[in-house]
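Asker:
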Amino acid sequence: MIGEVTEYSMVVHGEQRYTVPNAIQAAPGLVVFRMPNDQSINCPARWRIGHHGGLAIAEAMCRENAFKGVKILVESGIDWTQDTEAIQAAVTGDAVGDLTAKLSWAWCESPGSSYMPGDVTRNGLYTDADIEEAAREAAKEGFNALDVSIAMSHTVPWMGLDTEDFNEAHDRICRAAGAE
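At position 93 of the sequence shown the residue is numbered 560 (our numbering), and the sequence of numbers has no breaks.
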């Protein structure tokens with residue numbers, strides 16, 4: 468059922484399986500899930516679009532972009548309920564390039580293409596302590612609201628937030644830092 472939270476078995480490193488307990492059935496044959504913290508620790512794009520067979524199709528920095536990517540995949544006309552081999556046989560050459568280009572417009576990239584040094588598994592998740600630290604830094608630097616926004620959009624955990632969550636965090640940081 469679309470929108471249902473489900474358990475998903477993703478394929479990692481070839482044939483190994485890893486169970487993701489909170490995947491969302493986004494469309495027939497497609498799920499969206501947040502990468503578990505013990506997987507791809509250097510990848511700030513924590514949201515994946517997965518095929519029901521377990522392979523990753525794309526990754527996105529934030530949840531809302533992953534769902535935009537699913538919409539593009541559905542509109543491609545490909546029957547994602549088929550098995551992996553059938554899809555790979557049907558989608559070749561120029562079709563792969565076209566689909567990759569279309570997904571990029573939704574800020575979805577090939578799995579494993581994002582990299583940052585260190586553990587960035589908290590991207591898109593923040594605490595009150597993160598807000599306080601960002602506000603201290605913004606106040607120390609004399610940032611205005613635009614400076615805060617620019618700094619946030621390029622750093623963990625802020626760049627992985629959906630729009631509403633980003634705006635809320637930005638407002639809290641600006642208020643705490645006295646940034647206008």
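Don't be surprised by glycine CBs; every beta carbon is placed ideally from N, CA and C.
1) Check whether the Cβ of residue 606 sits closer than 7 Å to any heavy atom of the ligand ATP, and report yes or no.
2) Within the region 591-643, note down every full alpha helix (DSSP H) run reaching 4 residues or more, in order along the chain.
3) Specify the secondary structure class of residue 501 as computed by DSSP and reduced to three states.
4) In three-state DSSP terms, what is residue 558?
5) Does the beta-carbon distance from residue 484 to residue 501 come in below 8 Å?
6) Helix, strand or coil for residue 647, going by three-state DSSP, please let me know.
7) Under 8 Å by Cβ, that's how I've got residue 470 and residue 547 pegged, so tell me the actual separation to the nearest angstrom.
8) Give the straight-line distance between the Cα atoms of residue 616 and residue 511, rounded to the nearest whole angstrom.
9) Taking the DSSP output, what are the residues bridged to residue 514?
10) According to the neighbour-count rule (16 or more other Cβ atoms, all chains shown, within 10 Å of its Cβ), is residue 625 buried or exposed?
11) Would residue 556 and residue 545 qualify as a contact pair, given that the criterion is a beta-carbon distance under 8 Å?
12) May I ask which residues mark the beginning and end of the beta strand (DSSP E) holding residue 477?
13) With burial defined as no fewer than 16 other Cβ atoms inside 10 Å of the residue's Cβ, what is the status of residue 578: buried or exposed?
14) Which residues does DSSP list as the beta-bridge partners of residue 490?
15) Counting C-beta neighbours from all protein chains within 10 Å, is the total for residue 518 16 or more, i.e. buried, or is it exposed?
16) Please name the residue or residues paired with residue 483 in a DSSP beta bridge.
17) Look at the Cβ atom of residue 554, then the Cβ atom of residue 540, and state whether they are nearer than 8 Å.
18) Who are residue 576's beta bridge partners in DSSP?
Answerer: Looking at the atomic coordinates:
1) Ligands in the displayed structure: none, and consequently the ligand ATP is not present.
2) 595-608, 612-620
3) Taking the first residue of the sequence shown as 1, we reach residue 501 at position 34. Residue state, collapsed to three classes: strand.
4) Within the sequence shown, the letter at position 91 stands for residue 558. Residue 558: coil per DSSP, three-state reduction.
5) Position 17 of the sequence shown, counted from the start, is the residue given in the question as residue 484. Position 34 of the sequence shown, counted from the start, is the residue given in the question as residue 501. Contact flag unset, no.
6) Taking the first residue of the sequence shown as position 1, residue 647 is located at position 180. Here residue 647 sits in coil by DSSP.
7) Here the question's residue 470 lines up with position 3 in the sequence shown. Here the question's residue 547 lines up with position 80 in the sequence shown. So it is not a contact: roughly 16 Å between Cβ atoms.
8) Position 149 of the sequence shown, counting from 1, holds the residue named residue 616. Position 44 of the sequence shown, counting from 1, holds the residue named residue 511. Cα to Cα, residue 616 sits roughly 18 Å from residue 511.
9) The residue given as residue 514 occupies position 47 in the sequence shown. Note: residue 514 sits in a beta bridge opposite 501, 527.
10) As a working note, residue 625 is residue 158 in the sequence shown. Residue 625 comes out buried.
11) By 1-based counting over the sequence shown, the position of residue 556 is 89. By 1-based counting over the sequence shown, the position of residue 545 is 78. Taking 8 Å as the Cβ cut-off, residue 556 and residue 545 do not qualify as a contacting pair.
12) Taking the first residue of the sequence shown as 1, we reach residue 477 at position 10. From DSSP, the beta strand (DSSP E) with residue 477 extends over 472-479.
13) Taking the sequence shown and counting its residues from 1, one reaches residue 578 at position 111. Classification for residue 578: buried.
14) Here residue 490 corresponds to residue number 23 of the sequence shown, with the count starting at 1. Answer is 473.
15) What you label residue 518 is simply residue 51 of the sequence shown in a count that begins at 1. Classification for residue 518: buried.
16) For this step, residue 483 is matched to residue 16 along the sequence shown. 479, per the DSSP bridge assignment.
17) Locating residue 554 in the sequence shown gives position 87, counting from the first residue. Locating residue 540 in the sequence shown gives position 73, counting from the first residue. No.
18) By one-based count along the sequence shown, residue 576 stands at place 109. DSSP, once it has assigned bridges, lists 526 as partnering residue 576.
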